[in-house]
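Asker: Protein chains in written order, with the numbering used here: chain F, 417 to 736; chain Z, 614 to 942; chain E, 1179 to 1521.
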Amino acid sequence: MGAYVIRRLLYGVGVVLGVLFLLFILFFTVTKPDDIARRALGEKAPAEVIEQWKINHGYDRPLWPWQDWDDNLLFDHYRRMLTFDFGLSDADDSPIIDRIAAGMGPSLALTVPLLFFGLVLAIPLSLLVAFFRETYIDRMGVFLCVLAMSVSMLLYIIGAQFLIGKMLRWYPISGFDPTLLMMPRFLAMPLIVGLLAGVGGDVRFYRTVFLEESERDFVRTARAKGASETQIMTRHILRNALIPILTNVVLAIPFLFTGALLLEAFFGIPGLGSITVDAIAANDFSTLRTMVFIGSLLLIVGQIATDLSYGLVDPRVRFE
Amino acid sequence: MSALLEVRNLRTVFPGESGPLPVVDDISFSLARGEVLALVGESGSGKSMTALSILRLVPKPGQVVSGEVRLAGEDLLRLPVTKMRRIRGARIAMIFQEPMTCLNPVVSVGAQVMEAIRLHDSINKIDARARTRELFVEVGIPDPDARLDAYPHHLSGGLKQRVMIAMALSMRPEVLIADEPTTALDVTVQSQILALLRRLQSDRGTAILLITHDLGIVNELADRVAVMYAGRLVEVAERKALLSEPLHPYTQGLLRSIPSRSRPGEPLPEIPGVVPPPHQWPAGCRFSTRCPIRFEPCAEVFPEQIRPAEGRRVWCHDVERSMRREGPA
Amino acid sequence: MMGLEAYVFSNIMTAALLAGAWLLVRVVRRQRLWREAAQQLWGRRKLAIIIVGIYLLIGLLDSVAWKGGVPEDSVGVLPNAPLTLIDRVFLGTLEASYSAPFAAVEFYGAMPLQRPGSHLFGTDILGRDVLYLSLKGARVALLIGGLTSLIAIPLALVFGVGAGYFGGRFDDFVFFLISTLASMPGLLLLIALIMAMGRDTLSVCVALGVTSWVGFCRLSRAETLKLRELDYVSAARALGVSELGIIVRHILPNLAHLIVITFVLMFSGLVLSEVVLSWLGIGVDGSWGQMIDGARNELSREPIIWWNIAAAGSALFGLILAVNIVGDGIRDVLDPRTRKSLS
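1. Just to confirm the assignment, what range does the alpha helix (DSSP H) spanning F:THR527 have?
2. Go through the region 1261 to 1291 of chain E residue by residue and report every complete run of the alpha helix (DSSP H) that reaches 4 residues or more, in order.
3. Taking only the alpha-carbon atoms, compute the straight-line gap between Z:GLU923 and Z:ILE700 and give it to the nearest angstrom.
4. Can you find the residues in the same chain that come closer than 6 Å, C-beta to C-beta, to Z:VAL682, ignoring five residues on each side of it along the sequence?
5. Using the beta-carbon of each residue, which ones in chain F are nearer than 9 Å to Z:ASN717?
6. What does the Cβ neighbour count give for F:GLY557, buried or exposed, with the cut at 16 atoms within 10 Å?
7. Measure from the alpha carbon of E:MET1444 to the alpha carbon of each residue in E:SER1420, E:VAL1388 and E:PRO1431, then state which is nearest.
8. Could I get the ranges of all uninterrupted beta strand (DSSP E) runs contained in the region 615 to 684 of chain Z, with 3 residues as the minimum, in chain order?
9. Using a Cβ-Cβ distance under 8 Å, would F:ASP484 count as near chain Z?
10. For chain E, is any of its Cβ atoms less than 8 Å away from the one on F:ASP554?
11. Based on DSSP bridge pairs, tell me the residues matched to F:MET707.
12. Does any CB atom of chain E fall closer than 8 Å to the CB of F:ALA697?
13. Name, please, each residue of chain F whose Cβ falls closer than 8 Å to the Cβ of Z:ARG698.
14. Output the boundary residues of the alpha helix (DSSP H) element that contains Z:ALA839.
15. Tell me the DSSP bridge mates of Z:ARG845?
16. Let's see if you can read the secondary structure: which residues bound the alpha helix (DSSP H) around F:LEU433?
17. Would you kindly work out how many angstroms separate the C-alpha atoms of E:LEU1201 and E:ILE1236, rounded to a whole number?
18. Any contact between the region 1276 to 1293 of chain E and the region 1315 to 1332 of chain E? By contact I mean 3 or more CB pairs, one from each, below 8 Å.
19. What does the Cβ neighbour count give for Z:GLY740, buried or exposed, with the cut at 16 atoms within 10 Å?
20. Can you pull the DSSP bridge partners for Z:ILE705?
21. Our contact map puts E:VAL1504 next to E:ARG1207 with C-beta atoms below 8 Å; I'd like the distance itself, whole angstroms only.
22. So, is the C-beta of F:ARG732 closer than 8 Å to a C-beta in chain Z?
23. By DSSP, does E:ALA1374 sit in helix, in strand, or in coil?
24. Have a look at the DSSP bridge pairing and note the partners of Z:GLU851.
25. Check whether the region 717 to 729 of chain Z and the region 643 to 660 of chain F are in contact - that is, three or more C-beta pairs closer than 8 Å.
26. Kindly say whether Z:LEU856, judged by its beta-carbon, lies nearer than 8 Å to any beta-carbon of chain F.
27. Does DSSP put Z:ILE824 in a helix, in a strand, or in coil?
28. With distances taken Cα to Cα, identify the nearest neighbour of F:PHE532 among F:VAL615, F:ASP694, F:LEU627 and F:SER690.
29. Strictly below 8 Å CB to CB, what residues from chain E border F:GLY711?
30. Would Z:MET614 be called buried (16 or more neighbouring beta carbons within 10 Å of its own) or exposed?
31. For the alpha helix (DSSP H) holding F:CYS561, just list the boundary residues, first then last.
32. Is DSSP giving E:LEU1450 helix, strand or coil here?
33. Report the residue from E:TYR1410, E:LEU1359, E:ARG1406 and E:ALA1414 whose alpha carbon sits nearest the alpha carbon of E:CYS1395.
34. Which of the three DSSP states, helix, strand or coil, is assigned to F:LEU504?
35. Pop quiz: Z:VAL671 and Z:VAL678 are said to be a contact at Cβ under 8 Å. What is the actual Cβ separation, rounded to whole angstroms?
36. Answer yes or no: does any C-beta atom of chain B fall closer than 8 Å to that of F:MET497?
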């Protein structure tokens, strides 16, 4: 198991380096520093102003190592990103890391409950539907799931804001208050909308997993032993279904980050998603670069965590 | 003496494009206490489905539609499910063909056998574990203590099958249904498992319904043999009688095609043609499409059951014709 | 492109697409498996297929444009501009500003309309008929979903099957590439690509393609690894069939059902992604996403202007739901397990 862990971590490091390389390509070669400067200063800015801006933001050095081994943007990029020295925003010159630090709290306050309640909601529903397979409950359930999945997240948000915020006035449409007391009020709506939007896809996926597991031979063996359907479901099917479900949960983590992007922006929650959305509108490349890196880092960590946790759930992996 | 297990007119159907297909069609046989009955047939003959029907484990969308399955007089098909569950694993147990996939991969083999015990017997975990260990010894699993906590993927096919046997026999069932127990195993392991089954059977007096397509196994283990073809029985007889004097053309064909019976240098005899799929079964005898002695009524009229001798049953127009001319054998 | 006007290029591409589709149908019809699958699908999901067909038809009608035939006094249209069939049906329906569905007067100010009572879904802020805009959005959606998939899937196949079949360094490279791309949250990568490459339609489609091909690449690689070990592949190799021959004749046909399913599912994912992009300001012109984004603020007015977003939202929902239902049907029909039980 130890060798597996080390190999997995090393590969993760390799992927991080790969992501950084891709980001470099995108943000320094596909878009040139000249373009970035122009977008920040305006198309008609004179050449000297652009040059000065580039010097201020560190874009004036050569791109590639072979152009100057001591001072080039590629090494600089790697060094700074890996040490979390994110520099200043291209838009307003504020330190990026401060904004990230401030944004982590609200983001987590939204995404962690979203993940948790999502599971609490989806797993029992899918168990129910799988249990009654091929009956009306199952068919209706699947149809509702497909229906729910076909609605754009945007429409959910707009609809919810419209119905609940405007017409019924139960909750504030947007805003955030970091105090523990007031937070639930502002998180309630984005949480509800996020759950609604996600439950359809989750239930359908978990249902498929449960159905697949219930067709396995060892289920037939258990039945031949005289076990009841409930015992089979809990002792055999659920335990085996945990493995693909675990993958899905971790795979969902980045989507929480980005799905929360919409939720945060719409509901005025000052988290990491909001920062990203603002950066897009302001053509703030340095912030955007950083946000993509952070998002990827989170995802890679999550993927490694899933792979390693397989060892806990699946004995076949444990003794590799 | 009334039989321990009596199957009468069992019929199991699966939905088909043009109506329900009877994959188990009017099957009747009996299994006496301590007897080994081999149910023989090619794949697709319905023998596995028959076994599953007895325990009411037919997978959806199939279902048992008519007939009786009496265990010591009680009709299992009409029991409520809760009572049926108490019979499964305790009075009738079953082992399957593929030990690879029949065990839960994330639960230790010891725990799975213990589950079989604790489903029917209210003993605590420690006693169940001890019992399981004894069972492991009895079925010949080496190093039983270590193996109790092993996972299925640690064990070879033969060992896994021994675990399945231990699981099945843990509650001392009266009947053991073994569905091709050795087909998926290596040849050397096959004979070990067969020897194990024979020993357990004689020690405990368990009746065995042995499903197989291998006549060699039939020769080793069976007391009586029932031959199935395309969902129906074609011949039932005692082993010696069937192997030395088969009456039905299909049985004859099967025996002829055993390699050890053919002469070296000659081409191996085979039954020409293939088993027709369910929707192409002829109205009469299902073997008529390949039968070398097919004559007029065979394709149209299904032969009735004939009793040419004590303990023998055949379904064949030709045999019927001979009997009418010459009288019972 | 080389002196071709945009609309001529679009006409040619549409014709090519239709020709390709007709060829595909002919090839598929000859194979029993696909024929039966198609019949089964038609039997089970008639309504959804018809709905998708309607969207396809609308998209098609909006894809072929020609010049001329425009009456002299048409408002808001240049006399020599290339117009599609849909454009022509709605010629002369331009109003001054908002109007409610079926209304006879303008929404603000109650001025009489050019075509009172004829706007099924009212008009938007520029006076354009909302039904017209919704219909035009169909083509955009089909472009985003269909065309991008048509590019992403072959790309994924080349890399995935190549990596799975040939292994070695190429496989290491592809696997690393997939891992890297898959480690970047989809939306973020999409945003990064569009910010870097530009916000024009082509860049957006390319960006969407780059972010979508990874999943199928991984899948086709895994399947190829499995298929490569099958006995009949070894047999073919022993018979001297070339590697390419094996790939084309043995590997690809076994991936065909996955290709179809992936295509359909990718379609709805792409269209929904574009909606989010539109809201972020980096979507494709003329899409339903842009209509929804533009119409958001109208809901908070008094009295509420709802028809814009209702029309675009319904059109979007209708297509996605129909495609999802058809996709599910295809998956059920092509599932190897259900196919086995047919025999």
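Note that CB positions come from ideal geometry on N, CA and C, so glycine has one too.
Answerer: According to the structure shown:
1. First-last of the alpha helix (DSSP H) with F:THR527: 512 to 547.
2. Counting only runs of at least 4 residues, the region 1261 to 1291 of chain E fully encloses the following alpha helix (DSSP H) elements, listed from N- to C-terminal order: 1263 to 1267.
3. Each residue's Cα considered, the two are about 32 Å apart.
4. The beta carbon of Z:VAL682 lies closer than 6 Å to those of VAL620, ILE667, LEU689 and LEU690 in the same chain, with the five residues before and after it left out.
5. Residues of chain F passing the Cβ test: ARG632, PHE634, VAL635, THR637, ALA638, ARG651, HIS652, ARG655 and ASN656.
6. F:GLY557 is buried by the Cβ-count criterion.
7. Nearest of E:SER1420, E:VAL1388 and E:PRO1431 to E:MET1444, Cα basis: E:VAL1388.
8. Fully enclosed beta strand (DSSP E) runs of 3 or longer: 618 to 629, 632 to 644, 649 to 653 and 676 to 684.
9. No, F:ASP484 lies away from the interface with chain Z (no Cβ there is under 8 Å from its Cβ).
10. Not one chain E Cβ lies under 8 Å of F:ASP554.
11. Paired residues: none, contrary to the question.
12. By the rule that beta-carbons nearer than 8 Å mark a contact, F:ALA697 touches chain E.
13. In chain order: GLY642, ALA643 and SER644.
14. That residue, Z:ALA839, is in no alpha helix (DSSP H); its beta strand (DSSP E) goes 837 to 842.
15. For Z:ARG845, DSSP records a beta bridge to Z:TYR842.
16. Note, F:LEU433: alpha helix (DSSP H), 418 to 440.
17. For E:LEU1201 and E:ILE1236, the distance between alpha carbons rounds to 22 Å.
18. The region 1276 to 1293 of chain E and the region 1315 to 1332 of chain E do not touch, with fewer than 3 CB-CB distances between them shorter than 8 Å.
19. First, the residue type needs correcting, since residue 740 of chain Z is Asp and not Gly in the sequence shown. The residue is exposed, with fewer than 16 neighbouring Cβ atoms inside 10 Å.
20. In the DSSP output, where bridge partners are listed per residue, Z:ILE705 has Z:ARG701 and Z:VAL788.
21. The Cβ separation is near 19 Å, so there is no contact.
22. Yes, because at least one Cβ of chain Z sits closer than 8 Å to the Cβ of F:ARG732.
23. Here E:ALA1374 sits in helix by DSSP.
24. For Z:GLU851, which the question treats as bridged, DSSP gives the partners Z:ARG837.
25. Yes, they touch.
26. No, because no Cβ of chain F sits closer than 8 Å to the Cβ of Z:LEU856.
27. Three-state DSSP puts Z:ILE824 in a strand.
28. Among F:VAL615, F:ASP694, F:LEU627 and F:SER690, the Cα nearest to that of F:PHE532 is on F:VAL615.
29. Residues of chain E passing the Cβ test: MET1362, PRO1363 and LEU1366.
30. Caution is warranted here: a pLDDT of 47 is assigned to Z:MET614, below 50, making its placement in the model unreliable, and the coordinate value is therefore given only provisionally. So Z:MET614 counts as exposed.
31. Where F:CYS561 is concerned, the enclosing alpha helix (DSSP H) stretches over 552 to 565.
32. If DSSP states are grouped into helix, strand and coil, E:LEU1450 belongs with the helices.
33. The residue from E:TYR1410, E:LEU1359, E:ARG1406 and E:ALA1414 with its alpha-carbon nearest to that of E:CYS1395 is E:LEU1359.
34. It is a strand residue.
35. The C-beta separation of Z:VAL671 from Z:VAL678 comes to about 10 Å, leaving the pair out of contact by the 8 Å criterion.
36. This model lacks chain B altogether; the protein chains it does include are F, Z and E.
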